[in-house]
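Student:
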Amino acid sequence: MDKPVLRGEMVVLRPIRADDADAMWEMVNDPEGMRLTGTTTVFSRDQVDRWCAGVSAREDRLDLAITHGTDEYLGEIVLNEMDAYARSANLRLVLRPGQRGRGFGGEAISLVLGHAFAEPPEGLGLHRVSLDVLSINPRARMLYESLGFVVEGRLRESHRDGDFWCDSIVMAVLEDDFRAAQATSA
Ligand SMILES: CC(C)(COP(=O)(O)OP(=O)(O)OC[C@H]1O[C@@H](n2cnc3c(N)ncnc32)[C@H](O)[C@@H]1OP(=O)(O)O)[C@@H](O)C(=O)NCCC(=O)NCCS
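Heads up, the sequence shown is in my numbering, so the first residue is 1358 and it goes up one at a time.
(1) From Gly1365 to Ala1422, what distance separates their C-alpha atoms?
(2) Note the first and the last residue of the continuous alpha helix (DSSP H) segment covering Asp1533.
(3) Is it the case that the CB of Ala1487 approaches a heavy atom of ligand 1 more closely than 7 Å?
(4) Going by the beta-carbon positions, is the gap between Tyr1430 and Ala1497 smaller than 8 Å?
(5) Measure from the alpha carbon of Arg1449 to the alpha carbon of each residue in Leu1512, Pro1361, Gly1395, Asp1518, then state which is nearest.
(6) Please report the distance separating the alpha-carbon of Val1399 from that of Trp1408.
(7) Does the region 1509-1517 come within contact of the region 1472-1480, defined as at least 3 CB pairs closer than 8 Å?
(8) Taking a contact to mean a Cβ-Cβ separation below 8 Å, would you say Met1384 touches Val1469 in this structure?
(9) Got a sec: is the Cβ-Cβ distance from Pro1478 to anything in chain D below 8 Å?
(10) Smallest Cα separation from Asp1376: which of Asp1359, Gly1411, Ala1441?
(11) Give the DSSP-derived three-state secondary structure of His1516 in the structure shown.
(12) For Phe1461, which three-state DSSP category applies?
(13) Given a cut-off of 8 Å on the beta-carbon distance, is the pair Ser1445 and Leu1491 in contact?
(14) How about Asp1387 and Pro1454: are their beta carbons less than 8 Å apart?
(15) Beta carbon of Leu1436: closer than 7 Å to some heavy atom of ligand 1?
(16) Buried or exposed for Glu1509, going by 16 or more other Cβ atoms inside 10 Å?
(17) Just to confirm the assignment: which complete beta strand (DSSP E) runs, minimum length 3, are found wholly within the region 1473-1529?
(18) Sorted by chain position, which residues of the same chain lie with C-beta nearer than 8 Å to Phe1461's C-beta, five sequence neighbours on each side aside?
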């Protein structure tokens, strides 16, 4: 799979590189980002270095850095769990603290969905992109809905949030949903 560079009005998405490790290390040590993404794994600096150096060579996933103005890694957007037969994938994204609420996440998702649903060889020719969002994360959920994602189910109290439980909400967008949402916003 050729790893693309995707250009929007505000952000440019480019493949992750070894020299993104400092910024990614900051991001994986942000408690709010870890809480909102439901990440409980603790990464070592060595793991982050090796991940950044190697992930863009992997055929089974697409990991793109979100940049704005300069080439600096401000966060990342990922298509993983790719299933070539079902033409489906899972999406996740996270921005560094200080980069949220500026519209970067929304534009990054639109660019990746445009690439995911475009016909090969330019795009990936996917039919379905799904994700999980926690019930403690209304910002992300509203954003996904505004881009055409539909709630499909709720895994009740599947995650721990400190002393409480929270739900995992399953959402997905099909290629027709995405085109309909694009036509409405055009
Ligand atoms: C989720 C995330 C990627 C979104 O990216 P972003 O750049 O901050 O989002 P945007 O600025 O593009 O859009 C946010 C939208 O949510 C809205 N919003 C903000 N706070 C909200 C809240 N508490 N409830 C509902 N909507 C909210 C904003 O008004 C905006 O909508 P608009 O474009 O119509 O104005 C980013 O905030 C992030 O990294 N958060 C921490 C990690 C995370 O939650 N990852 C997702 C896990 S599923």
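Beta carbons: idealized from backbone N, C-alpha and C, even for Gly. All values derive from a computational prediction rather than experimental measurement.
Tutor: Looking at the atomic coordinates:
(1) On the sequence shown, residue 1365 is found 8 positions in, with the first residue counted as 1. On the sequence shown, residue 1422 is found 65 positions in, with the first residue counted as 1. Using only the alpha carbons, I get a separation of about 13 Å.
(2) Within the sequence shown, residue 1533 is the residue found at index 176, counting from 1. Annotation for Asp1533: the continuous alpha helix (DSSP H) segment containing it runs 1532-1542.
(3) For the purposes of this step, residue 1487 is taken as the residue at position 130 of the sequence shown. A small fix is needed here, since residue 1487 is Ser in this sequence, not Ala. Not one heavy atom of ligand 1 falls within 7 Å of the beta-carbon of Ser1487.
(4) On the sequence shown, residue 1430 is found 73 positions in, with the first residue counted as 1. On the sequence shown, residue 1497 is found 140 positions in, with the first residue counted as 1. Contact: no.
(5) Along the sequence shown, one-based indexing puts residue 1449 at 92. Among Leu1512, Pro1361, Gly1395, Asp1518, the Cα nearest to that of Arg1449 is on Gly1395.
(6) Position 42 of the sequence shown, counted from the first residue, corresponds to residue 1399. Position 51 of the sequence shown, counted from the first residue, corresponds to residue 1408. About 14 Å.
(7) Output reads no: the region 1472-1480 does not touch the region 1509-1517.
(8) Residue numbering aside, residue 1384 sits at position 27 when the sequence shown is read from its first letter. Residue numbering aside, residue 1469 sits at position 112 when the sequence shown is read from its first letter. Their beta carbons are not under 8 Å apart, which means Met1384 does not touch Val1469 by this criterion.
(9) Chain labels in this structure do not include chain D; a single protein chain is all it has.
(10) The residue you call residue 1376 lines up with position 19 of the sequence shown. In terms of Cα proximity to Asp1376, the closest of Asp1359, Gly1411, Ala1441 is Gly1411.
(11) The count along the sequence shown starts at 1 and reaches residue 1516 at position 159. In the structure shown, His1516 sits in a strand (DSSP, three-state: E or B).
(12) Taking the sequence shown and counting its residues from 1, one reaches residue 1461 at position 104. Helix at Phe1461.
(13) For the purposes of this step, residue 1445 is identified with residue 88 of the sequence shown, where counting begins at 1. For the purposes of this step, residue 1491 is identified with residue 134 of the sequence shown, where counting begins at 1. No, these two residues do not count as a Cβ contact at 8 Å.
(14) The residue labelled residue 1387 in the question sits at position 30 within the sequence shown. The residue labelled residue 1454 in the question sits at position 97 within the sequence shown. For the pair Asp1387 and Pro1454, the CB atoms are nearer than the 8 Å cut-off.
(15) Taking the first residue of the sequence shown as 1, we reach residue 1436 at position 79. Distance from the C-beta of Leu1436 to the nearest heavy atom of ligand 1 is not below 7 Å.
(16) As a working note, residue 1509 is residue 152 in the sequence shown. Taking all protein chains shown into account, Glu1509 has fewer than 16 neighbouring C-beta atoms within 10 Å of its C-beta and is therefore exposed.
(17) Given a length threshold of 3 residues, each whole run of the beta strand (DSSP E) inside the region 1473-1529 is given here in chain order: 1485-1491, 1507-1518.
(18) Here residue 1461 refers to the residue found at position 104 of the sequence shown. Around Phe1461: Met1367, Val1368, Ile1423, His1425, Leu1431, Gly1432, Leu1452.
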